[in-house]
Amino acid sequence: MFFSRVGQSVTPRRRVLLALSVVAPALVLSACMSSEKDVNLATYVDQTEPADVLYNQGLANMNAGRLDEASKKFDAVDRQHPYSEFARKSMVMGAFADYRAGNYDEAIGTAKRYLTLYPSTDDAAYAQYIIGLSYYRQIKDVTQDQKEARQTIQTMQELVTRWPDSEYVGDAKDKIRFANDQLAGKEMQVGRYYLERREYIAAVKRFRTVVESYSNTRHVEEALARLTESYYAMGLTSEAQTAAAVLGHNYPDSSWYKDSYKLLQSNGLEPRENAGSWISKAGKLITGA
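For the sequence shown, the numbering used here assigns the number 153 to the initial residue and increments by one for each residue that follows.
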């Protein structure tokens, strides 16, 4: 009717085109529906699972010791309900679950992400603490590189500085002391190596680092004795006497002091402090740890 009124006739070719114009949208709609059928419906159900349910499942798994499962649940909350309160809580709990499972790199990564997104929340100090603990657990013996010890000190010191009233500060300071002791132990290990090879200047450099930079560690006592030995071997008797004097002042009952005293006496010398020596100045910082 319409075409006849406007004076147009419908050719066979136009009929085909018109038919296709009607069928094409139907085909597109059918394809979309087919595509939707191919989607894993379980994924949709999983994505719509309530945040509180996932979070509580994570807690239950963690309490049961199923740490990997707990981590997956906490990750699901963060993925399915981003920026929600449960996602925030799940992020820090997921970091803790990874730490407990020994997945330290994952724990560090998640905790750092938490601090980037939520630097001012109550759990920020806890996230920082998890990072420090993850580095601490990876500290190696003094014969190996002490990168993790340095990272522990840096991370835990930031915790102490930024959150001085945090409940984690006490343990953070303990971890810092341990890590410092490891670094001092590494210096001593290298210093002894040089001393045995009679490379006295290199040895002195290492022992001096311990006295000046790690004055509150248990290695200072031996470091002063080794300085006495090294300087004595080099013929720098004044420095040797000063090192022994500082050692005796801080550790009068030490076996290291007795050995140093005996070494000096073998050449008719005795401990005597030179106030102008770097050893005397550094000795004032020694706490006798």
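Don't be surprised by glycine CBs; every beta carbon is placed ideally from N, CA and C.
Reference residue i; option with closest CA among the options
{"i": "M340", "options": "L267, G210 and A377", "result": "A377"}
{"i": "A222", "options": "M243, E237, P202 and S236", "result": "M243"}
{"i": "R358", "options": "E348, R349, A375 and T369", "result": "A375"}
{"i": "T313", "options": "K325, R302 and R360", "result": "K325"}
{"i": "L437", "options": "Y413, L285, E391 and V362", "result": "V362"}
{"i": "E364", "options": "F248, A434 and A259", "result": "A434"}
{"i": "G261", "options": "K299, V321, Q280 and D275", "result": "Q280"}
{"i": "A249", "options": "R289, D220 and K327", "result": "D220"}
{"i": "K224", "options": "P234, L388 and Q209", "result": "Q209"}
{"i": "V372", "options": "F226, T389, Y346 and A395", "result": "A395"}
{"i": "R289", "options": "A276, Y235, L311 and A253", "result": "A253"}
For residue j and residue i, the rounded distance between their alpha carbons
{"i": "R329", "j": "S367", "result": "11 Å"}
{"i": "L269", "j": "Y251", "result": "20 Å"}
{"i": "Y278", "j": "N426", "result": "48 Å"}
{"i": "W408", "j": "N402", "result": "11 Å"}
{"i": "A355", "j": "R344", "result": "7 Å"}
{"i": "N215", "j": "I283", "result": "21 Å"}
{"i": "L206", "j": "R265", "result": "20 Å"}
{"i": "K414", "j": "A331", "result": "33 Å"}
{"i": "R424", "j": "T380", "result": "12 Å"}
{"i": "P271", "j": "A263", "result": "11 Å"}
{"i": "Q334", "j": "V294", "result": "6 Å"}
{"i": "T273", "j": "Q303", "result": "23 Å"}
{"i": "W315", "j": "Y384", "result": "47 Å"}
{"i": "R349", "j": "M386", "result": "13 Å"}
{"i": "A432", "j": "N255", "result": "The identity of residue 432 in the sequence shown is Ser, whereas the question assumes Ala. Straight-line Cα distance between these residues: approximately 46 Å."}
{"i": "L193", "j": "L211", "result": "With a pLDDT of 44 at L193, under the threshold of 50, the modelled position of that residue is not reliable, and no figure is offered here."}
{"i": "A276", "j": "R231", "result": "20 Å"}
{"i": "Q306", "j": "P404", "result": "34 Å"}
{"i": "W430", "j": "S406", "result": "22 Å"}
{"i": "N213", "j": "Y320", "result": "25 Å"}
{"i": "I291", "j": "M308", "result": "14 Å"}
Alpha helix (DSSP H) segment containing residue i, residue limits
{"i": "T295", "result": "Note, T295: premise wrong, no alpha helix (DSSP H); not H, not E."}
{"i": "Y384", "result": "V372 to M386"}
{"i": "I328", "result": "V321 to E348"}
{"i": "L267", "result": "Y256 to L269"}
{"i": "T273", "result": "Neither: T273 is in no alpha helix (DSSP H) and is coded neither H nor E."}
{"i": "N213", "result": "A203 to N215"}
{"i": "T361", "result": "Y352 to S365"}
{"i": "T369", "result": "Note, T369: premise wrong, no alpha helix (DSSP H); not H, not E."}
{"i": "A113", "result": "Shown here, the chain extends from 153 to 441; a query on residue 113 therefore has no answer."}
{"i": "A247", "result": "E237 to R252"}
{"i": "K299", "result": "K299 to R314"}
heavy atom of the ligand NAD below 7 Å from residue i C-beta
{"i": "L285", "result": "You won't find the ligand NAD in this model; it holds no ligand whatsoever."}
### Task
Would you list, in sequence order, the uninterrupted alpha helix (DSSP H) runs of no fewer than 4 residues that lie entirely inside the stretch 389 to 432?
If one requires a minimum length of 4 residues, the alpha helix (DSSP H) runs lying completely within the stretch 389 to 432 are 389 to 402 and 407 to 417, in chain order.
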